[in-house]
Each structure stands twice: as structure tokens, then as C-alpha cells.
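Beneath this line is the structure, given in C-alpha cells, with notes to follow.
Numbering (this note's numbering), first residue to last: 52 to 143.
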């Protein structure tokens, strides 16, 4: 807690996601004059999922993914049916 009008106990950034958020905010504040940076086009080439045997069915057959931009669905894939994606098992 940094607002002393709400209490005197200091509560800092505790989790990695909080730390990342603070870093993002600091970058906006210092590098972009508190404005959002210009949009940047990115190309997603691949996604690697490890430790899948402990998630869901254990083989990825029940996983799907959605990509959204400004809240609109722009891409989806289903690993079980291999809709819009290709599943490759890499031997360990």
C-alpha cells in the first residue's frame, strides 16, 4: 500500500505478474509520456506447450486457443481436432 490515507501498512509488489505490470507502467510513464505506444504488427509462428501430461486429458486433446484483438476473435484453433493448427509430439 502506498496510499497512506488508506492505511499505514506498506504492501509491495509480490507476484511476478504484479512486477511485470509495474515494469510496463513504468515504461509507459518514462518512455512514452504516459501514452500508449503505436501499435505493432506481430506474427505468431508457433506455440510450445510443455508438461501437457498433467493438464486436462493429458494429451492436449481437450485444449483450444483463441486470439483476440480489441475484444474481437481473430483466430482460433483446437488441438484435439487440429482445426487451424498442427500438433507435433516431440519425443523426450
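Note that the Cβ used here is the ideal one computed from N, Cα and C, for glycine as well. As the structure is a prediction and not an experimental result, all values here were calculated from the model.
- Between the C-alpha atoms of residue 76 and residue 86 there is a straight-line separation of about 10 Å.
- If you check the CB distance, residue 130 and residue 114 come in under 8 Å.
- Shown here, residue 129 sits in a strand according to DSSP, grouped into three states.
- Put simply, of 103, 126, 120 and 125 the residue whose alpha carbon is nearest the alpha carbon of residue 138 is 103.
- Restricting attention to alpha helix (DSSP H) runs no shorter than 4 residues, the segment 65-134 encloses them at 67-82, ordered along the chain.
- Excluding its 5 nearest sequence neighbours in each direction, residue 111 has C-beta neighbours in its own chain below 8 Å: 100, 103, 130, 131 and 138, listed in chain order.
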